[in-house]
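Here the structure is laid out as C-alpha cells; the discussion comes afterwards.
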Amino acid sequence: MKRSASANWKGTGKDGKGTVSSQSGVLDNTAYSYKSRFEEGTGTNPEELIAAAHSGCFTMKLSFLLSGAGFTPENIDTKATITLDNGAITSSHLELKATVPGIDQAKFLELAEEARTNCPISKLLNTEITLDASLA
C-alpha cells in the first residue's frame, strides 16, 4: 500500500504561501503559511498534520489490539500534541480517554502502551512519545 500527498509553495519562507493536497482529496489545496505554522494564521501546518496522523494511527491500532484481546471499545478519544523546538520535532504526547466495557486498568494500560510503541506513525517518528491514558 502507498499513500501520497503533495505541497506547493510560492514566495519566500516567511512571506510566501503554500497549499497541501492529499491523494484522498480530504486536503485539496489546503492553505499553509509561516503564520499558520509559527504564529496564529489561518490554514494548517506540517506539525498539525503529523499530530492528526499520529492520533489517528494510535487510536486505530489500539482499537485493533482491544478487539484482538476480546474487548469492544465504545469510544476512544486521542489528542496528539507535537512539539517543535529549535527546528526539530522533539516529542509527541498522546492523551487517551476511552470507554471499554469489561477491561481492567492494567490490561488497558498494557494495550495502550503496545499501541503507543507499535502504531506505524510511532515507528516513523524518531522522537520521544509519551502517553497519558485513562478509562472513562
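Using the UniProt record's numbering, the final residue of the sequence shown is 136, and nothing's skipped along the way. The beta carbon of each residue, even a glycine, is placed where N, CA and C say it ideally should be. The structure presented is a predicted model; accordingly, all values stated were derived computationally and were not measured.
Spell out the partners DSSP gives residue i in its beta bridges.
i, result
"Asp15", "The partner list for Asp15 (beta bridge, DSSP) is empty, contrary to what the question assumes."
Alpha carbons only, please: which of the options is nearest the one belonging to residue i?
i, options, result
"Asn75", "Leu135, Phe38, Glu128", "Leu135"
"Ser6", "Lys14, Thr19, Gly13", "Thr19"
"Leu124", "Thr42, Ala31, Phe58", "Phe58"
"residue 176", "Met1, Ser122, Gly43, Glu114", "This structure cannot settle anything about residue 176, because the visible part of the chain is limited to 1 through 136."
"Gly95", "Asn126, Asp77, Leu84, Lys61", "Per the sequence shown, the amino acid found at residue 95 is Glu instead of Gly. Nearest C-alpha to Glu95: Asp77."
"Asn126", "Val100, Ser91, Arg116", "Ser91"
"Arg3", "Ala80, Ser24, Asp132", "Ser24"
"Thr81", "Lys61, Gly102, Leu49, Lys14", "Leu49"
Hey, how far is the Cα of residue i from the Cα of residue j?
i, j, result
"Ile89", "Gly16", "22 angstroms"
"Cys119", "Gly56", "10 angstroms"
"Leu111", "Thr72", "13 angstroms"
"Lys107", "Ala98", "13 angstroms"
"Gln105", "His54", "23 angstroms"
"Glu47", "Met1", "24 angstroms"
"Glu40", "Gly70", "44 angstroms"
"Phe38", "Thr130", "23 angstroms"
Cβ atoms of residue j and residue i: under 8 angstroms apart, would you say?
i, j, result
"Thr30", "Thr44", "yes"
"Leu27", "Ser21", "yes"
So what's residue i in DSSP terms, helix, strand or just coil?
i, result
"Glu40", "coil"
"Thr117", "helix"
"Ile129", "strand"
"Ile89", "strand"
"Ile76", "strand"
"Ile82", "strand"
"Ser4", "coil"
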